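Below is one structure, written out as structure tokens; the observations come after it.
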Amino acid sequence: MKYDYLIVGSGLYGAVCAHELTKRGFRCLVVEKRSHVGGNVYTEEIEGINVHKYGAHIFHTSDKKIWDYINGFAEFNNYINSPVARYRNELYNLPFNMNTFTKLWPDVFTPEDAKRRIDEEKKKGFCEKPSNLKEQAISLIGETIYKKLIEGYTEKQWGKKCEELPAFIIKRLPVRFTFDNNYFNDRYQGIPIGGYTPIIEKMLEGAEVRTDCDYFDCKEELDALAERIIYTGPIDRYFNFAFGALEYRSVRFETEILDMESYQGNAVVNYTEAAVPYTRIIEHKHFEFGTQKKTVISREYSSEWVLGEEPYYPVNDAKNTLLYEKYKTLADAEKRVVFGGRLGAYKYYDMHVVIAEALKTVAALTNEK
Ligand code: FAD
Ligand code: UDP
25 MKYDYLIVGS
35 GLYGAVCAHE
45 LTKRGFRCLV
55 VEKRSHVGGN
65 VYTEEIEGIN
75 VHKYGAHIFH
85 TSDKKIWDYI
95 NGFAEFNNYI
105 NSPVARYRNE
115 LYNLPFNMNT
125 FTKLWPDVFT
135 PEDAKRRIDE
145 EKKKGFCEKP
155 SNLKEQAISL
165 IGETIYKKLI
175 EGYTEKQWGK
185 KCEELPAFII
195 KRLPVRFTFD
205 NNYFNDRYQG
215 IPIGGYTPII
225 EKMLEGAEVR
235 TDCDYFDCKE
245 ELDALAERII
255 YTGPIDRYFN
265 FAFGALEYRS
275 VRFETEILDM
285 ESYQGNAVVN
295 YTEAAVPYTR
305 IIEHKHFEFG
315 TQKKTVISRE
325 YSSEWVLGEE
335 PYYPVNDAKN
345 TLLYEKYKTL
355 ADAEKRVVFG
365 GRLGAYKYYD
375 MHVVIAEALK
385 TVAALTNEK
């Protein structure tokens, strides 16, 4: 055999596996169906600005080991994600905090005022055991915020009514009674200076990489080249959709170069009303405090996923979880193949979780504790 490992997919999961295995002396071949490496964290320089081609990626974690690990590949800046929400002609800070509350209700000045006001609002639709996203949101934050900042955005994002969506989607949004616009609660956060692509390129050093190479176009030939396989593509595709296709939400990006220094003054502006067709606009230069003369923006349109398009967000509802379990049983029986990453595990993993999972996989493959 020419290689010890064939790695299908050069996203963060495949790249970490390739790096760790190469470091231990194993020969790796990485195949990637896109024309570039990096999967969804791929960034491309346009007008001197690192553009996040597959959606904004902010690295955040509370795990010091993972933070130190990723900092071994790049220096990170001190970017803190503080999105702004636009509802009609009103602008609010996110996540929900004292800046949001004082702007919504001019008679609110202190955390006590805000709590009293939200408690009154919650009474109208409070549920002990919220059974859907609408009930969860109103029980958490009350009707006004639900109407202005949640309902429209969520229905655009998921293509379903809030009453039909699971409550857990909204649970992770922080609610704070301080003037703190930091979207994440994690200890460490930032954007890699120079973008994510150089990180992936560094991780892949020493491994052989073939881009524009779809594994399924020459599966037999590729399988014959390596002892073991790490597969990071969609798990249902591997088994030829034997039980039917798992569902995803897709995103369409409309990217534009504008001849102005700043379009919106912030990296992320969410459009929370239903009438605006896109969910948010990303202005990439603000991730790196850019001072270029031009700017690049991307409008994000959430869309129905159809087979053959890029899968973005797994839909982890009851129906798809059951379907995934069936594929997982088949996957466990494939002794030569490890299924990993966001598509292989059909889980909405953030980047820090993907790294942790890849490190665990390599430790298990190499019998390390
Ligand atoms: P992927 O990046 O999807 O890589 C899989 C690779 O496999 C792809 O390159 C694909 O082309 C390749 N592949 C698939 N099938 C084949 C085949 N048959 N042959 C060859 N190659 C194949 N995480 C954060 O921590 N912070 C964020 O702010 C954040 N924002 C996000 C925004 C969006 C819009 C999305 C979609 C995700 C976001 N994430 C974020 C999650 C992050 O993108 C993932 O954690 C990470 O990219 C997953 O890496 P992966 O290697 O598992 O998957
Ligand atoms: N959300 C919302 N309004 C916003 C931002 C988020 O209602 O302005 C809701 C929406 O339901 C979304 C969920 O919060 O699906 C999680 O948002 P987050 O930004 O964490 O989602 P991500 O894009 O990272 O998956």
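The working numbering runs 24 ahead of the 1-based position in the sequence shown.
Beta carbons: idealized from backbone N, C-alpha and C, even for Gly.
Treat the numbers as computed from the prediction; the structure is a model and nothing was measured.
- The count of Cβ pairs closer than 8 Å, one atom from the stretch 72 to 84 and one from the stretch 254 to 261, stays below three, leaving the stretches out of contact.
- The C-alpha of P107 lies about 15 Å from the C-alpha of K127.
- DSSP, read as helix, strand or coil, puts R234 in strand.
- Each of R140, N294, E232, T303 was checked against the Cα of F201, and the nearest Cα belongs to R140.
- Taking a cut-off of 8 Å on C-beta distances, the stretch 191 to 198 touches the stretch 157 to 169, as three or more cross pairs fall below it.
- Only residues of its own chain outside the window of five on either side were considered, and among them Y111, T296 have a CB closer than 7 Å to the CB of K172, listed in chain order.
- Look at the beta carbons and you see the stretch 327 to 336 touching the stretch 269 to 289: at least three pairs across the two are nearer than 8 Å.
- The DSSP-derived three-state label of C41 is helix.
- Taken from the Cβ of L118, at least one heavy atom of the ligand UDP lies inside 7 Å.
- Remark: C-beta atoms of I165 and V132 do not approach each other more closely than 8 Å.
- Judged by their CB atoms, F97 and I217 are not nearer to each other than the 8 Å cut-off.
- The beta carbon of S163 lies closer than 8 Å to those of K146, G149, F150, C151, P154 in the same chain, with the five residues before and after it left out.
- Counting along the chain, the unbroken beta strand (DSSP E) around H84 starts and ends at 83 to 85.
- Unbroken beta strand (DSSP E) stretches of 3 residues or longer found wholly inside the stretch 58 to 139: 67 to 70, 73 to 76, 83 to 85, 108 to 111, 114 to 117, given in chain order.
- Close CB contacts of T178 within its chain, under the 6 Å cut and outside five residues either way in sequence, are with C186 (chain order).
- Taking a cut-off of 8 Å for Cβ pairs, the stretch 230 to 246 and the stretch 313 to 323 do not touch, as fewer than three such pairs fall below it.
- The beta strand (DSSP E) runs lying completely inside the stretch 326 to 383 and spanning 3 residues or more are 361 to 363, given in chain order.
- By the CB criterion at 8 Å, Y220 and H84 fall outside the cutoff.
- Distances taken from the Cβ of Y37 to the heavy atoms of the ligand FAD include one shorter than 7 Å.
- Residue pairing of V275 in beta bridges, as defined by DSSP: S326.
- Per DSSP, reduced to three states, the secondary structure at R211 is coil, with no helix or strand assignment.
- The Cβ atoms of F120 and I215 do not sit closer than 8 Å to each other.
- Distances between the C-beta of N64 and the heavy atoms of the ligand FAD include at least one below 7 Å.
- Taking the Cα of P301 as reference, the smallest distance to any Cα among Q288, I142, R323, Y37 is reached at R323.
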